[in-house]
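Under the numbering used here, the sequence shown has 62 at position 53, and the numbering climbs by one with no breaks.
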Amino acid sequence: MASRSDSGGNPWVAVRPGEDVAVLARQMSSAHQSFVDDIRTNGSAVRSVVLDSWMRSRTKGVDPDGGNDTPALTGPDLERYRNEHPMAIIRPVIRKLLVEDASDTGLLVAISDAEGRLLWVEGDSAAKDRALTMDFAEGVDWSEENKGTNAPGTALAVDHSVQIFASEHFSRSVHEWSCSAAPVHHPTSGHILGAIDITGGPRVAVPEVLSLVRATVAAAESELRLHLMNSPKSLGDTAPRLEVLGSGRPGVVRGSGRISLSQRHAEILLLLGEHPEGLSSDHLAVLLDEQELDSVTIRAEMSRLRKAFGTAGLASRPYRLVGELSSDVGDIRRALDRGDVDAALRIYSGPVLPGSSAPGIEEIREELRSRMQAALLRLGDPVLLAQWTSSIHGRSDVIAWEAYRATLSRDSALYGQVSARIDLLDRDLGI
Numbered sequence: 010m011a012s013r014s015d016s017g018g019n020p021w022v023a024v025r026p027g028e029d030v031a032v033l034a035r036q037m038s039s040a041h042q043s044f045v046d047d048i049r050t051n052g053s054a055v056r057s058v059v060l061d062s063w064m065r066s067r068t069k070g071v072d073p074d075g076g077n078d079t080p081a082l083t084g085p086d087l088e089r090y091r092n093e094h095p096m097a098i099i100r101p102v103i104r105k106l107l108v109e110d111a112s113d114t115g116l117l118v119a120i121s122d123a124e125g126r127l128l129w130v131e132g133d134s135a136a137k138d139r140a141l142t143m144d145f146a147e148g149v150d151w152s153e154e155n156k157g158t159n160a161p162g163t164a165l166a167v168d169h170s171v172q173i174f175a176s177e178h179f180s181r182s183v184h185e186w187s188c189s190a191a192p193v194h195h196p197t198s199g200h201i202l203g204a205i206d207i208t209g210g211p212r213v214a215v216p217e218v219l220s221l222v223r224a225t226v227a228a229a230e231s232e233l234r235l236h237l238m239n240s241p242k243s244l245g246d247t248a249p250r251l252e253v254l255g256s257g258r259p260g261v262v263r264g265s266g267r268i269s270l271s272q273r274h275a276e277i278l279l280l281l282g283e284h285p286e287g288l289s290s291d292h293l294a295v296l297l298d299e300q301e302l303d304s305v306t307i308r309a310e311m312s313r314l315r316k317a318f319g320t321a322g323l324a325s326r327p328y329r330l331v332g333e334l335s336s337d338v339g340d341i342r343r344a345l346d347r348g349d350v351d352a353a354l355r356i357y358s359g360p361v362l363p364g365s366s367a368p369g370i371e372e373i374r375e376e377l378r379s380r381m382q383a384a385l386l387r388l389g390d391p392v393l394l395a396q397w398t399s400s401i402h403g404r405s406d407v408i409a410w411e412a413y414r415a416t417l418s419r420d421s422a423l424y425g426q427v428s429a430r431i432d433l434l435d436r437d438l439g440i
């Protein structure tokens, strides 16, 4: 049976012209309950974009009765972060087009960063107070990974404008709300900067509201383009990039510049990237040293790291990253997730921080190596296996050498060479 998104019309629109909102609400509530109870969901009742998002939410361990509990950004940390964020540049445009007319309408207008954290929530004051019951507030992480299916989080996850109606939300606390959102992109790089969202009642889920949000995004991106012409360096590459692969000096790349990092600082940034919920000083100490570092040493390292990385990018209690930090480790994982083993192997210039003995880093290093090996064995491509076994990180990989030999003709000279290499490794390993 075809899903609603496959039966004609715009799959990103929640409520279609002429559709009975009350009937649709009952259908969505029943479908959501069936999905949460792990009963086969009626595919004809749920749009595929929503069903896919429910699946991602469940896979990420989101609780439909509470979401996840990533700490909110508050106080000076939030103020500093959003004032320095590129979305602040377009806030006046968004306020003029959406917020100024939102008072006494029951509507909220939210602006998020690229990770789904709400930077500003404005509009009807009564609705803003009521939204606090579902934790829809400035500084809160509304990514899919944290709150499940919702318009700003899902728009960022799929990089497309989208509407979420009532019980299409994964979290039950949001079922009385509907929302329309669209991502905002950097005018030259195309990177996602954040999202613009309208949240309210069922009327927010009609096609006209999604068109309004998309028109606002177009105006905002035009404003960014104009701003960039006048101040070429003001936006830069919004997300700093951590480089930790191979034997070179680790560092953070921002725009066209690169800051070299000590091994310890690279370890800390990578571990914070692995734990977006944040790390206490005690937990961070355990991940950095089996003997555990004392809290005074951790505080001193974090103080020095702030000077190198920037105070706006790090928050405390717990220690955590503010905003996006990409990395070469993340690039490999994304390539493997989409099945592009060739691209992953090109990025894999060496082990993760090979000189580090920190337990948390060793775990990341082994996880990445194991994933690379598993992907290569599964694909069985002789060219890629040859590249892997000739590299510093694969030249002692007996399993990969054996998989490579299996792709060769027994009559070829190369088969004999590979066999000799396997025999040598077996002797060295005492097999």
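Ideal Cβ placement from N, Cα and C applies to all residues, glycine included.
- When secondary structure is reduced to three states using DSSP, T197 falls in the coil class, being assigned neither helix nor strand.
- For R374, the CB contacts under 6 Å within the same chain, skipping 5 residues up- and downstream, are P360, V361 in chain order.
- Pairwise C-beta distances place the segment 183-190 in contact with the segment 205-225, as three or more of them are shorter than 8 Å.
- Bounds of the alpha helix (DSSP H) holding Q42 are 30-45.
- For D122, the enclosing beta strand (DSSP E) stretches over residues 117-122.
- Counting only runs of at least 4 residues, the segment 317-359 fully encloses the following alpha helix (DSSP H) elements, listed from N- to C-terminal order: 337-346, 350-356.
- For Q300, there is no enclosing alpha helix (DSSP H), as DSSP marks it with neither H nor E.
- Non-local C-beta neighbours of L281 in its own chain, meaning closer than 7 Å and more than five positions away in sequence, comprise L288, Y328, R329, L330, ordered along the chain.
- Contact annotation: L165 and A123 have beta-carbon atoms nearer than 9 Å.
- Sequence-distant Cβ neighbours of S428 in its own chain, meaning closer than 7 Å and more than five residues away, are R414.
- For the set A275, P192, L388, the Cα lying nearest the Cα of D349 is the one of L388.
- Counting the other Cβ atoms within 10 Å of the Cβ of K156 gives 16 or more, which makes it buried.
- Note on geometry: alpha-carbon atoms of A34 and S152 lie some 23 Å from one another.
- The Cβ-Cβ distance between M311 and L297 does not fall below 9 Å.
- Per DSSP, reduced to three states, the secondary structure at A111 is coil, with no helix or strand assignment.
- The alpha-carbon of A175 is positioned some 48 Å away from that of D303.
- In the three-state reduction of the DSSP assignment, T208 falls in the strand class, which pools E and B.
- Where E147 is concerned, there is no enclosing alpha helix (DSSP H), because DSSP gives it neither an H nor an E.
- The DSSP-derived three-state label of E286 is coil.
- Cβ-Cβ distances below 7 Å link V108 to V118, E131, G132 in the same chain, with the five nearest sequence neighbours on each side left out; the list follows chain order.
- Distance from the Cα of Q36 is smallest, within the candidate group I48, V55, V22, E154, for V55.
- Cβ neighbours of L393 within its own chain (closer than 8 Å, five residues either side excluded): V350, D351, L354, L385.
- Annotated as distal: G203 and V213, with beta-carbon spacing of 9 Å or more.
- Within the DSSP secondary-structure output, S269 pairs in a beta bridge with G260.
- Note: F179 is not bridge-paired with any residue in the DSSP secondary-structure output.
- Taking S57 as reference, the option from A383, Q300, D340, V171 with the minimal CA-CA separation is V171.
- In the three-state scheme derived from DSSP, where H, G and I count as helix and E and B as strand, G132 is classed as strand.
- In this structure Q426 is not in contact with I408, their Cβ atoms being roughly 18 Å apart against a cut-off of 8 Å.
- Buried is the label assigned to L82, since at least 16 other Cβ atoms lie within 10 Å of its Cβ.
- When C-alpha distances from V253 are compared across A146, S336, K137, the shortest belongs to S336.
- A check of alpha carbon separations from Q272 across E286, S256, E283 identifies S256 as the nearest.
- According to DSSP, S187 shares a beta bridge with F174, G209.
- Taking the C-beta atoms as reference points, G125 is found nearer than 9 Å to D150.
- The beta-carbon distance between L251 and L334, rounded to whole angstroms, is 6 Å. This is short enough to meet the 8 Å contact definition.
- In the DSSP annotation of this structure, the continuous segment of the beta strand (DSSP E) that includes L251 starts and ends at 250-252.
- Within the same chain, P249 come within 6 Å of R263 by CB-CB distance, once the 5 residues on both sides are set aside.
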